[in-house]
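Take a look at the structure below.
2 protein chains.
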Amino acid sequence: MSYQKSDAKKAVIILSGGLDSTTLMYWVKSKNFDVYALSLDYGQKHKKELTIASNHCKKLNIPHRIISLDAIKGILGKSSLVGEKDVPEGAYTEDNMTSTVVPNRNMILLSIAVAYAIDINASTVFYGAHSGDHALYPDCRPEFVEAMRKAAELCHYYPIAIEAPFLHKSKAEIVKLGSDLNVDYSLTWSCYKGGDTPCGVCGTCIERAKAFSENGLIDPLSNKKIN
Amino acid sequence: MSYQKSDAKKAVIILSGGLDSTTLMYWVKSKNFDVYALSLDYGQKHKKELTIASNHCKKLNIPHRIISLDAIKGILGKSSLVGEKDVPEGAYTEDNMTSTVVPNRNMILLSIAVAYAIDINASTVFYGAHSGDHALYPDCRPEFVEAMRKAAELCHYYPIAIEAPFLHKSKAEIVKLGSDLNVDYSLTWSCYKGGDTPCGVCGTCIERAKAFSENGLIDPLSNKKIN
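Chains as they are written, first to last, in my numbering: chain C, 1 to 227; chain A, 1 to 227.
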């Protein structure tokens, strides 16, 4: 057999650099896992989140690997997050946010994360799907996650676990948890546009502001409460 | 909604250029699908199969897309098919062939093929898993394929079908079927080593020879019956 059995306390976390996955990274670390962060550069416009993810990992002394999926940009290119369309403004609605769907993104991310886990003998892949995304992104829904869990149990000589502990949490609950874990939210990035400061008007900026506001907290990135 | 509903008679086929996937391509074509071939270059040593796949698609007038996964070579690199180890010789056995396992290869291939299907509005992804690989490659087994089918049904706004019609066929049965479909086996490549002519001694050469021999056929690539 070419591969060792996996190390139960070694985990890969899919890190976008946003609020959810960064909170997840702190949470997994708090459970005493040896954490390896993996970011995928799939040609998203807001590369800023990757730089911030990197800086955050350095701060926490967590190994961080960025894998470029440049080669598949062509087949992911209809999404406004990747291609030439403008990112929609205003709160998430089905009409304006389906253009931010990157086809099959999470299956691709998870499949590569599982390969990475096998490579470093990690037992578990953590990812930050949460309930706020269920309505708009089919590949954030519990039934999709369950199917991928099953596939990851069967893809190798021993099972790899996929865990999505925030699957039934709202973004506000994630911020609450992160604030208890002392997450440094100044080192996270959510805005789809990736300017010098968050635009404040795209769907993810609005969701983020709401999540802080519902906890009576101030987002260190905006330094103002948005209601 | 950014994406049309899929076209029921449009299909993506994962094409390695080997015997199984090439036969599958003819089979899918015979079922009157509009076929789009997809090959993944994951750094395998035998790139020859990609060139041959390309030539075969030209011959059949099938659009062929090759996607390079160079960026993930690092995490796939422990396999002898990718890295610096020698490809083992002799018939497939668990001992010598686990070194040819590319970690989580089929989940990665399927996830990208499903994204491609969504991109071109294809309803179905076909791939050539067959019973001969079940013992050695966990990600060719029926239970793995079933989990991935489920995931692909759920990953997007409408289901994408994953079909593996050879799942319970042996390599000899595939050659029998291919010979009925007039597959041009001179335009396929199986040898893991990728020399000018098949080496005849690696596991896949031996399996291929056996599959032709069991049908009383001569492999046009070797021009000799190997028993």
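Cβ coordinates follow ideal geometry from the N, Cα and C atoms, glycine included.
Small disclaimer: the values here were computed from a predicted structure and weren't measured.
Rank the options by C-alpha distance to the C-alpha of residue i and give the top, closest one.
i: Y116(A); options: R105(C), E163(C), D196(C), A172(C); result: R105(C)
i: S16(A); options: D180(A), A211(A), L187(A); result: L187(A)
i: H56(C); options: S68(C), T23(C), D34(C), N32(C); result: T23(C)
i: S54(C); options: G178(C), C205(C), M25(C); result: M25(C)
i: I62(A); options: L69(A), K48(A), A37(A); result: A37(A)
i: P198(A); options: K150(A), L154(A), R149(A), L221(A); result: L221(A)
i: G195(C); options: S30(C), I52(C), K29(C); result: I52(C)
i: I162(C); options: V125(C), L154(C), F144(C), A129(C); result: V125(C)
Could you please give the first and the last residue of the uninterrupted alpha helix (DSSP H) stretch that includes residue i?
i: T204(C); result: 203-214
i: I174(C); result: 171-180
i: L20(A); result: One point to set straight first is that residue 20(A) is Asp, not Leu, in the sequence displayed. 19-30 is the extent of the alpha helix (DSSP H) around D20(A).
Tell me where the beta strand (DSSP E) around residue i begins and ends.
i: R149(A); result: No beta strand (DSSP E) contains R149(A), which is instead part of the alpha helix (DSSP H) from 142-154.
i: H134(C); result: No beta strand (DSSP E) contains H134(C), which DSSP labels as neither H nor E.
i: A53(C); result: Element bounds for A53(C): not the beta strand (DSSP E) but the alpha helix (DSSP H), 48-60.
i: Y116(C); result: Unbroken run through Y116(C) is the alpha helix (DSSP H), 105-120; no beta strand (DSSP E).
i: D41(C); result: 34-41
i: D219(C); result: Element bounds for D219(C): n/a, residue is neither H nor E.
i: I67(A); result: 64-68
i: V12(A); result: 7-14
i: A161(A); result: 161-163
Return the chain-ordered list of same chain residues with a C-beta closer than 7 Å to the C-beta of residue i, the five sequence neighbours on each side being excluded.
i: K225(A); result: Residue confidence for K225(A) is low, a pLDDT of 37 falling below 50, so the modelled location carries little weight and cannot support an answer.
i: P142(A); result: L167
i: L50(C); result: G17, S39, D41, I66
i: Y158(A); result: K5, S6
i: K9(A); result: N32, F33, D34
i: I215(A); result: Here residue 215(A) is Asn; the residue named in the question, Ile, does not match the sequence. Result list for N215(A): A172, V175, K176, S179, in chain order.
i: S68(C); result: D41
Would you check if the distance between the CB atom of residue i and the CB atom of residue j is smaller than 9 Å?
i: D20(C); j: N121(C); result: no
i: K169(A); j: R208(A); result: no
i: A11(A); j: S131(A); result: no
i: I160(C); j: A147(C); result: no
i: G18(A); j: W189(A); result: yes
i: W27(A); j: L181(A); result: yes
i: V114(C); j: H156(C); result: yes
i: M107(A); j: D139(A); result: yes
i: K150(A); j: K150(C); result: yes
i: L109(A); j: F144(C); result: no
Taking residue i and residue j to be in contact with their CB atoms under 8 Å, please state how far apart those CB atoms are, rounded to whole angstroms.
i: L40(A); j: I112(A); result: 7 Å
Of all the CB atoms in chain B, is at least one closer than 9 Å to the CB of residue i?
i: I72(A); result: The chain inventory of the structure shown lacks chain B, comprising the protein chains C and A.
Enumerate in chain order the residues of its own chain whose CB-to-CB distance from residue i is below 6 Å, with the five nearest sequence positions on each side excluded.
i: Y127(C); result: I14, A164
i: K210(C); result: none
i: T204(A); result: S190, Y192
i: H228(A); result: In the structure as shown, chain A begins at 1 and stops at 227. Residue 228(A) is therefore absent and cannot be evaluated.
Beta-carbon within less than 8 Å of residue i's beta-carbon, same chain only, minus the 5 sequence neighbours each way: which residues are those?
i: K59(C); result: D184, L187
i: A71(A); result: none
i: K29(C); result: V35, L60, I62
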